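In this note's numbering, the protein residues as written are 825 to 964. Beta carbons: idealized from backbone N, C-alpha and C, even for Gly. Since we're looking at a predicted model, the values are computed, not measured. Right, one structure below, let's go through it.
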Amino acid sequence: MNDIAQLKKENSLLRIDEFKKKLCQIDELKELENLSVFVSGSYAREEASEYSDIDLFFVLEGDLNELELPNIKSMRAFSKIIEASDSLGFPTFSNDGEFLKILEKKRILEELGGKNDDHLNFFTARMLMLLESKPGPVPL
Numbered sequence: 825m826n827d828i829a830q831l832k833k834e835n836s837l838l839r840i841d842e843f844k845k846k847l848c849q850i851d852e853l854k855e856l857e858n859l860s861v862f863v864s865g866s867y868a869r870e871e872a873s874e875y876s877d878i879d880l881f882f883v884l885e886g887d888l889n890e891l892e893l894p895n896i897k898s899m900r901a902f903s904k905i906i907e908a909s910d911s912l913g914f915p916t917f918s919n920d921g922e923f924l925k926i927l928e929k930k931r932i933l934e935e936l937g938g939k940n941d942d943h944l945n946f947f948t949a950r951m952l953m954l955l956e957s958k959p960g961p962v963p964l
């Protein structure tokens, strides 16, 4: 592996580890039971530079609306995630945080191949999870 690729890999792994530690400290995420968080993009490919933003997806096993105060809980969790990202010096989330959303596994499966599959970002989430993500348990 050339020196630049090795440095990017080391940087990616270090930064993801730092971010995971921050996420594990967020009580608001712990309140969202059965939530999986995965990273995609340059960090998942271990090619991130010092200027790379972090691309995250959030998938919930279950129905978000069955939670008490689902919007409040989501907003509180995302505000803490933004704070964690800022504290680590990551660039601002893409498109003013447009993709900071909780995707419900049930809805992803219901819309599979349907007209809303890509519109709701489900297709992209599935493809990036399959192509770029790596499993790694993070106890919350």
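Cβ pair residue i, residue j closer than 9 Å
i	j	result
E935	F946	yes
K832	S898	no
F914	F843	yes
L952	R839	no
L846	A901	It is worth fixing the name first, because residue 846 is Lys in this sequence and not Leu. It is not a contact, given that the beta carbons lie outside the stated cut-off.
E885	K939	no
Span of the beta strand (DSSP E), counted from its first residue to its last, around residue i
i	result
S873	No beta strand (DSSP E) contains S873, which DSSP labels as neither H nor E.
Own chain, CB closer than 8 Å to residue i, minus 5 neighbours either side, in chain order
i	result
A949	F881, V883, L927 and I932
N826	none
Cβ separation of residue i and residue j, assumed to be a contact under 8 Å, to the nearest whole Å
i	j	result
E852	K904	5 Å
Y867	S836	5 Å
Endpoints, the alpha helix (DSSP H) within which residue i is located
i	result
D920	S918 to G921
Cβ neighbours of residue i in the same chain (closer than 7 Å, five flanking residues each side left out)
i	result
L944	E935
N895	none
L954	none
S860	V883
Neighbourhood of residue i by C-beta, 6 Å cutoff - its chain only, sequence neighbours within 5 removed
i	result
A829	none
### Query
Which runs of the alpha helix (DSSP H), 4 residues or longer, sit entirely within the segment 859-900?
Counting only runs of 4 or more, we get 865-868.
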